[in-house]
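Report on the following structure.
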Amino acid sequence: MKRIAPFLYLLFPILCFSQEEINDPKVTFAIETYAFLKGQNTALQKVAVQFPQLQPHVTAIEKNLKTVFGQAENNITQFLKQELSSNELDSLHNRIDSLLQLQFLHPIEKEKYAHDFLLKVKERSNYINNESVSKGILSFKYHDAPHQEITDGHVDFFSTKNHPKAEEISLKIPIPKSWLAEEAEMPETIQQFTSYFGNGNEKILIVVYDLPKELHNIKLTEKSISSLFPPETNVIRTEAMTIDDMPAFMIEVEESLTYQNENMKIRMLQFMLVQDQKLYCLQGSIGPAEPDEDLEFQLKKYEPLFRLIASRAELKN
């Protein structure tokens, strides 16, 4: 075994269950991240056992990792317990253990390789980069409080500058670093972002509509906004607010739709304002979900994030 570090980037794809076993991409994403963290912990133990003189370094790194990644690992563990059956969870643990035993069957050839590995782990604990596994760590670290990812500084800023679908529009918003930016099919949607690095059921959309002439002077009120939605949309609550010091309106709705030939629903918070005959909408959504699923709890968990993004939006004339 020449090095440890490359193994940690190869382990988690091998561990993924087949599509026949796991159909939820978020669960697969959690498994990949969980396997990486377990492999990293085992590799550190391997270094400490084979090179006792490095034990103080390993102990210091493990303490730092627990501070940085401990919450992510705890949240992934709880998430997998909820999403997997007992048999699936046992199979996952057995597969991880067997792969780790096989990988670490032979000793590390040189102490320098152990030093290199410790340095890389230390760097990773101090700076989470854009690797997929790091996105997983961030996603699950803030699993219970998604808005905290931005307030803790793990944030990217999306700007419409030079965007092909945003001519004459200047908008800038913060987005959690673990969310995946994706192109949107609808022409009015400039950009969309999906939680858990594209594997989650939560989205943030930037939508801009050119208002027809008869709506150029529209004033945003509960009545005027509600009239823009189809009859099957259930308006739950509205709230007057400001975005970038301009009058705006928030509306929460639940909408029925057909998704992949099935009846589904989606719950949304939409933050709207009008400028230069355009209707700007920052939309945070949960779903699609089964018609009988209660999305209120999930929306409440993400509402602080959606509000934070709207409150920090910058819209220039």
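For the sequence shown, our numbering assigns the number 1146 to the initial residue and increments by one for each residue that follows. Glycine included, every Cβ here is placed at the ideal spot set by N, Cα and C.
Supposed contact pair residue j and residue i - C-beta distance, whole angstroms, cut 8 Å
i: residue 1328; j: residue 1343; result: Not confirmed; about 12 Å, so no contact.
i: residue 1370; j: residue 1427; result: In fact, because the Cβ distance is near 14 Å, the residues do not count as touching under 8 Å.
i: residue 1425; j: residue 1353; result: 6 Å
i: residue 1192; j: residue 1262; result: 7 Å
Cβ neighbour criterion (16 or more within 10 Å) applied to residue i
i: residue 1298; result: exposed
i: residue 1194; result: exposed
i: residue 1118; result: The structure shown has nothing for residue 1118, since the chain only spans 1146 to 1462.
i: residue 1288; result: buried
i: residue 1178; result: buried
i: residue 1444; result: buried
i: residue 1182; result: buried
i: residue 1187; result: buried
i: residue 1413; result: buried
i: residue 1442; result: exposed
i: residue 1305; result: buried
Endpoints, the beta strand (DSSP E) within which residue i is located
i: residue 1355; result: 1347 to 1355
i: residue 1432; result: 1423 to 1434
Same chain, Cβ closer than 7 Å to residue i, neighbours up to 5 away in sequence not counted
i: residue 1378; result: 1398 and 1400
i: residue 1267; result: 1206
Close beta carbons around residue i, own chain, < 8 Å, minus the five adjacent residues each side
i: residue 1403; result: 1409
i: residue 1239; result: none
Run of the alpha helix (DSSP H) containing residue i, from where it starts to where it stops
i: residue 1210; result: 1200 to 1228
i: residue 1255; result: Per DSSP, residue 1255 belongs to no alpha helix (DSSP H) and is neither H nor E.
i: residue 1184; result: 1170 to 1195
i: residue 1241; result: 1231 to 1248
i: residue 1405; result: Looking at the DSSP string, residue 1405 is not in any alpha helix (DSSP H), and its letter there is neither H nor E.
i: residue 1455; result: 1441 to 1456
i: residue 1283; result: 1277 to 1286
Candidates the options: closest to residue i by CA position
i: residue 1314; options: 1411, 1405, 1276 and 1336; result: 1336
i: residue 1171; options: 1383, 1281 and 1406; result: 1281
i: residue 1418; options: 1376, 1412, 1431 and 1360; result: 1360
i: residue 1407; options: 1187, 1437 and 1225; result: 1437
i: residue 1421; options: 1451, 1450 and 1356; result: 1356
i: residue 1365; options: 1346, 1224, 1423 and 1331; result: 1423
6 Å CB neighbourhood of residue i in its chain, flanking five on each side removed
i: residue 1396; result: 1370, 1383 and 1415
i: residue 1348; result: 1337, 1339 and 1430
i: residue 1433; result: 1404, 1409 and 1411
i: residue 1450; result: 1291 and 1292
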